[in-house]
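Residue numbers (our numbering), protein chains in the order written: chain H, 4 to 118; chain E, 152 to 260. From the three backbone atoms N, C-alpha and C, an ideal C-beta is built for every residue, glycine too. The next block holds one structure in the form of structure tokens; read it before the comments.
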Amino acid sequence: EAGVAQSPRYKIIEKRQSVAFWCNPISGHATLYWYQQILGQGPKLLIQFQNNGVVDDSQLPKDRFSAERLKGVDSTLKIQPAKLEDSAVYLCASSPGTGLGFGQYFGPGTRLTVT
Amino acid sequence: DAKTTQPPSMDCAEGRAANLPCNHSTISGNEYVYWYRQIHSQGPQYIIHGLKNNETNEMASLIITEDRKSSTLILPHATLRDTAVYYCIVSSNTGKLIFGQGTTLQVKP
């Protein structure tokens with residue numbers, strides 16, 4: 004079974020530029036998550052989708068971050084404009100469903116450096 | 152904030168059992184305990200989860216105390232590849248994971 008795929012793996016941009024990350028979850032997984040992991044810290048949830056609907060985006064900085072999962076499969080996370088403090092690893096995870104008793108399966112992440 | 156407390160670091164000799172403790176004194180009745188680990192430069196990896204009963208899979212065993220206020224993850228025969236940050240997480244009813252700082256396990260030869 005293929006795992007969660009993410010691209011690109013690395014990205015370097017200047018502040019105020021835009022960037023987009025792509026995630027393809029495990030086939031059949033209804034729930035998709037985006038996390039931000041700053042160096043030395045645990046991952047922090049940015050947004051959670053159930054199929055193509057948003058379950059939780061309370062930690063998403065909506066003035067600059069946006070995410071979509073139009074067909075309930077792939078997802079993109081965008082930052083516009085980027086700030087220096089957005090330098091982090093952006094992790095995508097998927098799960099068979101929402102709620103208790105399901106593990107989340109993570110992709111390798113995209114390492115973003117904002118200069 | 153994370154609802155769990157873990158020691159920041161632990162060492163374990165290769166081939167010995169690694170016992171990683173976690174306190175979750177405020178856990179509610181329908182919340183699960185999850186364990187994940189993160190090897191350097193990789194995404195977190197799901198290990199195991201449990202509600203009340205002890206659980207075992209091919210990776211590890213999870214021992215949950217009867218009052219559910221603490222748990223222990225056991226790696227029965229640690230190898231150098233088990234060196235990682237281990238996260239103990241109590242999950243909300245939406246499945247949301249709130250990661251703390253975790254325990255850095257160093258397996259030594």
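message: Looking at the strands, I want to know which residues DSSP matches up with E/H200.
response: Beta-bridge pairing links E/H200 to E/Y185.
- prompt: Measuring CA to CA, which of H/R114, H/K74, H/F109 is closest to H/A8?
  reply: H/F109
task: Express the C-alpha separation of H/Q20 and E/G194 in angstroms, rounding to a whole number.
output: Between E/G194 and H/Q20, the C-alpha separation is close to 26 Å.
- prompt: For H/S61, does the count of other Cβ atoms within 10 angstroms reach 16, so buried, or fall short, so exposed?
  reply: exposed
- prompt: Looking at C-beta atoms only, is the number of pairs between the stretch 157 to 164 of chain E and the stretch 204 to 224 of chain E that lie closer than 8 Å three or more?
  reply: no
message: For H/V58 and E/T234, I'd like the C-alpha separation in whole angstroms.
response: 34 Å
- prompt: Quick one: which chain E residues come within Cβ less than 9 Å of H/Q107?
  reply: Y185, Y187, P195, Y197, G246, L248
message: Residues in the same chain with beta-carbon distance under 6 Å from H/P46, minus the five sequence neighbours each way, listed in chain order, please.
response: Y38, Q40, L94
message: Given this structure, state the Cα-to-Cα distance separating H/V117 from E/T255, to the nearest angstrom.
response: 28 Å
query: Among the residues of its own chain, which have a CB less than 7 Å from the CB of E/T230, if the five just before and after it don't count?
result: E165, V258
- request: Compare the C-alpha of E/N181 against each of E/L213, E/C163, E/N204, E/N170 and name the closest.
  value: E/N204
message: Tell me the rounded alpha-carbon separation between H/L87 and E/R232.
response: 33 Å
message: Just to confirm before moving on: does the CB-CB distance between H/S97 and H/I29 stay below 8 Å?
response: yes
Interface flag, E/Q252 vs chain H, CB-CB below 8 Å: yes
- request: Identify the contact partners of E/R238 in chain H, using a Cβ-Cβ distance below 8 Å as the criterion.
  value: Rather than Arg, the amino acid found at residue 238 of chain E in this sequence is Tyr. G45, listed in chain order.
query: Does the beta-carbon of H/D89 have 16 or more other beta-carbons within 10 angstroms, so that it is buried, or is it exposed?
result: buried
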